[in-house]
Each structure stands twice: as C-alpha cells, then as structure tokens.
Amino acid sequence: MSRLETKLPGLTLKNPIMPASGCFGFGREFSQLYDLDVLGAIMIKATTEEPRYGNPTPRVAETPAGMLNAIGLQNPGLEKVMERELPWLSQYNVPIIANVAGSQVEDYVEVARTISGSPHVQALELNISCPNVKTGGIAFGTVPETAKHLTKKVKEVSEVPVYVKLSPNVSNIVEMAKAVEDGGADGLTMINTLLGMRIDLKTGKPILANRTGGLSGPAIKPVAIRMIYEVSQQTNLPIIGMGGISTVEDIIEFYLAGADAVAIGTANFSNPYICPELIKELDEYLSANQIDHISELTGRSWSKDGKRTYYCS
Amino acid sequence: MIKKEWMTVVSQQNIAKNIYELTLQGELVQEMNEPGRFVHLKVSGQTMPLLRRPISIANIDQTNSRFTMIYRAEGEGTKLLAEKKAGDQVDVLGPLGHGFPVNEAQTGETAILVGGGIGVPPLYELSQRLNEKGVKTIHVLGFQSADVAFYEAKFAELGETYVATVDGSLGTKGFVTDAIREFNLQGDILYSCGPVVMLRALEELQLTKKGFISLEERMGCGIGACFACVCHTQNDPTGTEYRKVCSDGPVFPMGEVAL
Ligand SMILES: Cc1cc2nc3c(=O)[nH]c(=O)nc-3n(C[C@H](O)[C@H](O)[C@H](O)COP(=O)(O)OP(=O)(O)OC[C@H]3O[C@@H](n4cnc5c(N)ncnc54)[C@H](O)[C@@H]3O)c2cc1C
Ligand code: FES
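Here's what the structure looks like:
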C-alpha cells in the first residue's frame with residue numbers, strides 16, 4: 001500500500017496534498033503546466049449563488065514572507081460552475097472539494113444543496129471565514145453559535161461530507177472547532193487567512209483597494225501550527241491543514257501538529273509546480289526516514305502514539 | 001508553452017538612472033514567439049520577496065537562445081534582480097500572456113508605437129518585427145526626465161523617434177500626447193504600453209482606427225488562476241464581465257477594457 005494514500009470522510013486520496021481554494025482557480029490554468037491527476041484532491045475556487053466580480057484592484061500586496069489578498073470571492077456563479085467548470089474538471093481522476101460561500105445562511109444552503117448534488121463533487125468546504133467580503137463571511141467564522149447554526153443548515157441539505165474552513169481571526173479557535181463539530185461538520189480545514197493591512201509610504205494610503213486583506217504564506221505558518229495543535233487534541237474531526245506550506249518539512253510539521261492531510265496555497269504562486277514536487281518529495285522523505293505511512297505522524301507532537309484515526313489500510 | 005527554467009545571466013547593464021538591461025539565456029527562449037508577452041521572475045530562492053515579478057520581454061534572439069528585459073530597480077525584488085551578474089541563475093516562468101498582434105498591421109502601413117517609462121521595453125521587439133514585415137514604425141517615447149531615458153538611439157535605427165520628458169530635459173516638454181500633437185503624427189495602427197493615464201489619453205486622442213494597449217497590474221500567479229489582476233470591460237464597466245491582465249492580456253485591443 002502507498003505511504004501516502006489517505007482516507008477522509010468522502011475522500012479517498014492518492015496522496016494527502018491538494019491545492020487550496022482560491023489559489024488554483026478551477027484547475028484550467030494549472031492543467032497546462034502538469035497533469036492534474038497527480039494531485040490528492042482539488043479545492044476549487046469559492047462558489048457563490050450569483051456571479052461576483054469581487055473587489056477593485058490592487059487586490060494583492062506583498063508582505064515579509066507572505067502576501068495579502070482581497071480578491072473578494074470573484075467567481076462565475078453557481079450555474080456556470082455546475083455547467084462548465086465541474087464537468088471539465090471531472091476529466092481528471094481527482095476528488096473535487098467544492099468551496100461554498102455566501103453572505104447569508106440561505107445563500108450557503110442553496111449553493112451547498114445544488115453543488116453537493118453534482119456527481120463530480122466529493123466533499124464541500126464551507127467558507128465561513130472569508131475576510132474580504134463586506135457582509136456575512138466574517139460573522140459566520142467568528143461567532144461560535146452562528147457557525148454551528150450554519151453548519152447544521154448546510155449539513156441538512158448536503159449530499160456529501162462537509163468540511164468547515166476555520167478562520168484564525170478568533171480568540172478561541174477550539175471553541176469554534178467544537179461549535180462546528182456540534183453542528184455536524186465532518187471535518188475541518190484550517191487555517192484561512194489572517195486579516196492584515198499594508199500602507200504605501202508614497203501615497204500614505206493602504207496598498208489594497210479594499211484596504212484590508214487576508215495574510216497568507218510562510219509568515220502565517222506558526223499560527224496554523226499552533227491552532228492545529230490545539231484543535232486536533234480537542235475534537236475528533238479530521239483536519240486538512242494549510243497556511244504557508246512550501247516545503248516537505250512544513251508538511252511534516254503540520255502532521256506532527258495534528259493534520260490528516262494538507263493544502264498548498266500561496267506557494268502555488270511562487271512555484272506553480274509546487275504540488276507535484278511536494279508529492280514526490282514527501283514520498284521520498286517517508287521512505288528515507290522509514291515511515292510506513294504518513295498518518296503515523298499525525299498528532300505526534302502531543303501524543304506518543306499519534307492520532308492514527310484516519311489510517312488507511 | 002509555459003515553462004519554468006533556471007536561466008543564465010549573459011549580461012546585466014545599468015543603462016540609465018536605476019534602469020537595467022538584463023539578458024538571459026536558456027531553452028525557454030524558443031517558446032517566445034510574440035512581442036509584448038512577459039516573464040514572471042523569482043528573484044530569490046528565499047521566502048522574501050515571496051512573489052514573482054512580471055517583466056516584459058524586450059528583445060528575443062532565438063538563434064542564441066537569449067532574451068533581454070529592461071527594468072527599473074525600484075523595490076525589494078527589482079533591486080535584488082539588479083545585483084545578478086553574468087553567470088548567475090534566475091528562475092523564470094514564461095512566456096506568459098498575450099502580446100501585440102503583429103499581423104494586425106499590413107505591409108506598407110504605418111504603425112505608431114507609444115511607450116511611457118518602463119512601458120517602452122516591449123515595443124522594441126514589436127518594432128523590429130513590424131519593420132521585418134515592411135510596416136513603417138514611428139516611435140514616441142515618454143520619460144520623466146533625460147536621466148531615466150533609454151533606447152532612443154535603438155528605436156531611431158528602426159524608424160522616426162520622438163521623445164517627450166515631463167521636465168523638458170529631453171525632447172518635447174510634456175507627455176507623449178504633446179509630442180504627437182506637436183509633430184502631427186499620423187498612422188494606421190497604434191501600439192502602446194505605459195501608465196494607465198497615458199493609455200487613457202491615447203484612447204481619447206483617437207489617433208488611429210485600430211490600436212492595441214498593454215496594461216500593468218499587481219499579480220499573484222501570473223497565469224490566470226488567482227484573479228488578482230482583473231479589470232472591467234468597457235461593455236460592462238460595473239458588472240461581472242472581466243479580463244485578466246496576466247492571461248487574457250496584458251495586451252488588449254483598444255476599447256476592450258475599462259481604463
Ligand atoms: C505585464 C507586466 C509587464 C511589466 N514589464 C515591465 C518591464 O518591462 N520593465 C519594468 O521595469 N517593469 C515592468 N513591469 C512592472 C514591474 O512588474 C514592477 O515594477 C515590479 O513588479 C516591481 O517590483 P519591485 O520589487 O521593484 O517592487 P515592490 O514594491 O517590492 O513590489 C511589491 C509587489 O508589488 C508588485 N508591483 C509593484 N509595482 C508594480 C507594477 N508597476 N506593476 C505590477 N506589479 C507591481 C510587485 O510585483 C510585488 O508583487 C511590468 C508589469 C506587468 C504587469
Ligand atoms: S495574476 Fe493570478 S489571475 Fe492574473
């Protein structure tokens with residue numbers, strides 16, 4: 001059996017490495033660079049009921065070892081994603097995790113109902129933590145009761161397992177994780193971006209047109225590690241870890257903290273071939289270190305035996 | 001096809017104040033077949049600076065597998081790039097985007113090429129290709145001042161060349177549009193790259209029936225996946241229709257995108 005094969009609710013992954021939502025579009029661009037079949041899964045760009053243009057530009061700003069983005073959930077809308085993007089992406093032998101966004105409960109429920117009914121979608125990722133939209137988003141991700149309620153409503157209609165994407169912009173991440181677990185979530189993905197800002201010294205004004213944006217990249221990795229470390233000890237949900245991963249060592253660190261799989265975000269911009277490279281390097285790392293299966297590492301930083309919950313045999 | 005390659009620095013020269021001419025060598029050059037496309041450079045193997053930098057292709061020499069860029073060393077990334085010396089390696093992704101369509105100009109026609117500042121470089125490869133095709137080129141180059149001006153002589157070898165500087169230290173005092181008016185320049189087709197204010201002024205001037213402009217925007221991926229670089233269209237200036245500067249552009253037909 002492969003050292004990398006991983007089973008999570010709704011997902012059988014050839015390997016536990018997948019591009020994170022928003023960094024990979026719907027896969028079309030990267031498919032020109034490499035065969036998407038090598039990926040563990042694909043988290044597609046957030047989909048809302050209606051098409052969205054998103055925020056004015058500049059939408060990105062560089063920061064020390066990171067970047068801020070304020071795209072504003074630009075997407076072609078549910079109908080086009082169902083008709084065009086999902087059928088296209090289904091030509092690849094890769095599980096699709098559909099990121100669902102909205103500004104009120106009804107929006108999420110509607111998108112979740114429809115998109116989870118697609119034969120091409122294996123799981124949902126509930127985007128309750130986008131920092132870049134004026135309404136909704138943020139409250140769902142920071143108020144435990146609201147997050148729980150939303151999760152419950154989405155679970156009622158979803159035909160596939162639901163992973164909830166947690167925001168790091170909270171004072172108690174464990175409380176948030178437990179709330180969505182109570183709401184019926186099947187898994188967690190964490191962390192989303194941290195809210196930040198940069199100011200242009202020449203103009204004296206924020207660089208981003210939206211003023212604030214979500215910080216990602218290596219700069220946020222320690223925050224992600226800490227939060228996964230805390231949450232993995234307090235919930236039974238599998239965790240897809242993300243936040244600044246760009247090397248195999250980063251992946252190992254996420255596993256030791258308590259992750260069951262990982263997603264690669266910003267690193268896709270600095271190196272568009274990062275996902276296939278990491279998949280290969282991770283296998284080599286495990287082999288060189290005589291680790292039979294990647295899941296053996298999950299939670300090893302806090303438990304001698306590791307978590308081993310999702311060991312696939 | 002888009003490729004990523006560690007290319008070798010052939011030469012790096014300071015050609016005007018903070019302006020560098022950098023020539024790289026590698027296989028990727030064989031993929032470069034259109035003027036106005038760009039490359040995305042990672043100037044350091046470290047996490048700072050994290051993002052790639054988009055720089056236009058200014059000259060293509062496929063025989064020797066070399067291409068040249070001209071850039072302004074301004075911020076963190078471009079300053080690091082300016083430190084590269086002959087023999088050093090640079091991580092290049094490209095060629096990216098859609099460039100200037102040479103076929104839109106017919107043999108015997110006159111093309112006006114208007115560049116502003118660091119928008120001038122891609123016009124150099126374009127001008128050579130137009131001239132090869134028998135299209136007459138007139139060049140109008142705008143700079144802040146004489147000390148940051150470059151390539152006037154090189155363009156002059158290819159066709160009539162006019163320069164405008166904001167402070168009047170070289171050529172016409174003012175903007176490219178002032179030079180165009182002063183010399184009553186006329187042509188069949190316009191190609192331009194430079195700041196948005198300049199592109200907007202050129203659109204208003206309606207110098208030619210046909211025109212192509214190259215835009216600049218802050219980028220994430222550079223390949224069309226992240227939606228960092230979008231702009232509205234003139235058809236639907238406040239709606240959901242959009243173009244991505246990195247993959248639909250950076251060159252657009254005049255009148256297509258909202259400036
Ligand atoms: C398609 C395209 C072609 C270009 N061609 C050239 C060229 O031939 N010669 C040249 O000198 N410059 C060119 N530029 C502009 C060049 O990309 C910026 O000057 C450069 O990215 C600035 O990086 P820095 O490290 O100096 O600045 P920093 O301030 O360190 O940059 C911080 C971030 O902002 C981005 N950024 C800053 N200014 C710009 C800008 N004007 N346009 C886009 N992104 C910016 C950077 O890429 C980086 O992500 C081009 C831009 C685009 C989009
Ligand atoms: S820079 Fe990512 S879509 Fe253009």
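Quick note, the sequences are listed as chains E and C, same order.
All letters in the first sequence, in the order written, are residues 1 to 313 by full-length UniProt numbering.
All letters in the second sequence, in the order written, are residues 1 to 259 by full-length UniProt numbering.
A virtual CB, placed ideally from N, CA and C, is assigned to each residue, including glycine.
Could you work out which residue in the options is closest to residue i when comparing CA atoms only?
| i | options | result |
| --- | --- | --- |
| Glu230 (chain E) | E:Ile128, E:Leu11, E:Met176 and E:Glu106 | E:Met176 |
| Lys14 (chain E) | E:Thr298, E:Gly299, E:Lys280 and E:Leu297 | E:Lys280 |
| Val154 (chain E) | E:Leu194, E:Ile199, E:Val174 and E:Glu106 | E:Glu106 |
| Met67 (chain E) | C:Met219, C:Ala225, C:Arg243 and C:Pro253 | C:Met219 |
| Gly196 (chain E) | E:Ile17, E:Pro64, E:Tyr53 and E:Ser116 | E:Pro64 |
| Ser270 (chain E) | E:Thr146, E:Glu62 and E:Ser90 | E:Glu62 |
| Ala112 (chain E) | E:Ala70, E:Val81 and E:Phe26 | E:Val81 |
| Thr165 (chain C) | C:Ala179, C:Ala153 and C:Gly159 | C:Ala179 |
| Val230 (chain C) | E:Pro56, E:Ala41, E:Met43 and E:Leu8 | E:Pro56 |
| Ile220 (chain E) | E:Lys202, E:Met242, E:Asp200 and E:Asn236 | E:Met242 |
| Gly77 (chain E) | C:Leu259, C:Gln12 and C:Thr240 | C:Thr240 |
| Glu256 (chain C) | C:Ser127, C:Asn14 and C:Leu199 | C:Leu199 |
| Arg8 (chain E) | E:Gly217, E:Asn93 and E:Ala259 | With the sequence shown as reference, residue 8 (chain E) is identified as Leu, and Arg is not the correct amino acid for it. Nearest C-alpha to Leu8 (chain E): E:Ala259. |
| Gln62 (chain C) | C:Ala82, C:Thr23, C:Thr107 and C:Ile118 | C:Thr23 |
| Leu89 (chain E) | E:Pro144, E:Thr212, E:Phe30 and E:Pro51 | E:Phe30 |
| Asn103 (chain C) | C:Val90, C:Leu126 and C:Gln89 | C:Leu126 |
| Met7 (chain C) | C:Thr208, C:Asn235 and C:Glu27 | C:Glu27 |
| Gly119 (chain C) | C:Thr208, C:Ala228 and C:Phe38 | C:Phe38 |
| Gln234 (chain C) | C:Asn59, C:Met254 and C:Gln89 | C:Met254 |
| Val223 (chain E) | E:Phe24, E:Leu278 and E:Glu253 | E:Glu253 |
| Arg147 (chain C) | C:Ile60, C:Lys154, C:Thr137 and C:Gly117 | Inspection of the sequence shows that residue 147 (chain C) is occupied by Asp rather than by Arg. Checking every option, the nearest Cα to that of Asp147 (chain C) belongs to C:Gly117. |
| Thr235 (chain E) | E:Ile291, E:Asp182 and E:Ser116 | E:Asp182 |
| Asp167 (chain C) | C:Ala149, C:Lys154, C:Ala153 and C:Asn184 | C:Ala149 |
| Phe24 (chain E) | E:Glu85, E:Gly10 and E:Glu50 | E:Glu85 |
| Ala16 (chain C) | C:Gly249, C:Pro250, C:Tyr151 and C:Leu202 | C:Tyr151 |
| Ile274 (chain E) | E:Tyr34, E:Ser21 and E:Phe26 | E:Tyr34 |
| Leu259 (chain C) | C:Ala228, C:Glu203, C:Thr208 and C:Lys209 | C:Glu203 |
Would you mind stating whether residue i and residue j have Cβ atoms separated by less than 9 angstroms?
| i | j | result |
| --- | --- | --- |
| Gly211 (chain C) | Glu109 (chain C) | no |
| Glu216 (chain C) | Pro195 (chain C) | yes |
| Thr189 (chain E) | Ile240 (chain E) | yes |
| Gly115 (chain C) | Cys193 (chain C) | yes |
| Thr6 (chain E) | Gly54 (chain E) | no |
| Ala267 (chain E) | Ala70 (chain E) | no |
| Asn169 (chain E) | Leu150 (chain E) | no |
| Arg198 (chain E) | Ile207 (chain E) | yes |
| Glu34 (chain C) | Ile70 (chain C) | no |
| Pro276 (chain E) | Ala261 (chain E) | no |
| Lys165 (chain E) | Glu110 (chain E) | no |
| Arg3 (chain E) | Asp283 (chain E) | yes |
| Gly184 (chain E) | Val162 (chain E) | yes |
| Glu182 (chain C) | Asp91 (chain C) | no |
| Pro272 (chain E) | Gly244 (chain E) | no |
| Val180 (chain E) | Ile115 (chain E) | no |
| Ile228 (chain E) | Met18 (chain E) | no |
| Lys133 (chain C) | Thr107 (chain C) | yes |
| Asp88 (chain C) | Val9 (chain C) | yes |
Relative to ligand 3, is the shortest distance from any of its heavy atoms to the C-beta of residue i smaller than 8 angstroms?
| i | result |
| --- | --- |
| Gly134 (chain C) | Here the bound small molecules are ligand 1 and ligand 2; ligand 3 is not part of this structure. |
### Segments assigned beta strand (DSSP E), at least 3 residues, entirely inside the stretch 171-247 of chain C
189-193, 210-214, 230-232 and 242-244, all fully within the stretch 171-247 of chain C.
### Query
How do the stretch 134-145 of chain C and the stretch 166-179 of chain C stand: do at least 3 beta-carbon pairs fall below 8 angstroms, yes or no?
A contact exists between the stretch 134-145 of chain C and the stretch 166-179 of chain C.
### Unbroken stretches of the beta strand (DSSP E), 3 residues or longer, contained in the stretch 171-238 of chain E
Runs of the beta strand (DSSP E) lying entirely within the stretch 171-238 of chain E and spanning at least 3 residues, in chain order: 187-190, 194-197 and 212-216.
### Query
If you scan the stretch 242-290 of chain E from start to end, which runs of the alpha helix (DSSP H) of 4 or more residues do you find wholly inside it?
For the alpha helix (DSSP H) assignment, the uninterrupted runs of no fewer than 4 residues enclosed by the stretch 242-290 of chain E are, from N- to C-terminal side, 248-257, 267-270 and 274-288.
### Inter-stretch contact (C-beta, 8 angstroms, three-pair minimum) for the stretch 48-66 of chain C and the stretch 218-238 of chain C
In short, these stretches touch, since the Cβ pair count reaches three.
### Message
Give the residues whose C-beta lies closer than 5 angstroms to at least one heavy atom of ligand 1, in chain order.
### Response
Any residue whose Cβ sits closer than 5 angstroms to a heavy atom of ligand 1 makes the list: E:Glu62, C:Phe38, C:Leu51, C:Arg53, C:Pro54, C:Ile55, C:Ser56, C:Tyr71, C:Arg72, C:Glu74, C:Gly75, C:Glu76, C:Gly77, C:Thr78, C:Ile118, C:Pro121, C:Glu216, C:Arg218 and C:Pro250.
### Query
How about the stretch 157-164 of chain C and the stretch 71-88 of chain C: do they share at least three Cβ pairs that are nearer than 8 angstroms?
Touching, no, given that fewer than three Cβ pairs across the two stretches are closer than 8 angstroms.
### Query
Going along the chain, which unbroken runs of the alpha helix (DSSP H) with 4 or more residues stay wholly within the stretch 104-172 of chain C?
Runs found: 121-132 and 152-156.
### Query
Within the chosen definition, does the stretch 235-254 of chain C reach the stretch 93-104 of chain C through at least 3 CB pairs nearer than 8 angstroms?
The stretch 93-104 of chain C and the stretch 235-254 of chain C touch, with three or more beta-carbon pairs separated by less than 8 angstroms.
### Message
Runs of 3 residues minimum, wholly inside the stretch 97-175 of chain E: which ones carry the beta strand (DSSP E) assignment?
### Response
The qualifying runs are 121-127 and 162-165.
#### Entry: Ranges of the beta strand (DSSP E) found wholly within the stretch 20-66 of chain E, counting only runs of at least 3
Here the runs fully enclosed are 60-63.
### Task
Please confirm if the stretch 34-44 of chain C is in contact with the stretch 76-88 of chain C, defined as three or more CB-CB distances below 8 angstroms between the two stretches.
Yes, since at least three Cβ pairs between the stretch 34-44 of chain C and the stretch 76-88 of chain C fall closer than 8 angstroms, the two stretches touch.
### Message
Would you call the stretch 88-104 of chain E in contact with the stretch 33-50 of chain E, where contact means no fewer than 3 C-beta pairs closer than 8 angstroms?
### Response
Yes, the stretch 88-104 of chain E is in contact with the stretch 33-50 of chain E.
#### Entry: Given 8 angstroms, three or more beta-carbon pairs between the stretch 138-148 of chain E and the stretch 113-124 of chain E
No: fewer than three Cβ pairs fall under 8 angstroms.
### Task
Identify every run of the alpha helix (DSSP H) within the stretch 58-101 of chain C, keeping only runs that are complete inside it and at least 4 residues long; order them along the chain.
As far as the stretch 58-101 of chain C is concerned, its whole alpha helix (DSSP H) runs of at least 4 residues are 76-82.
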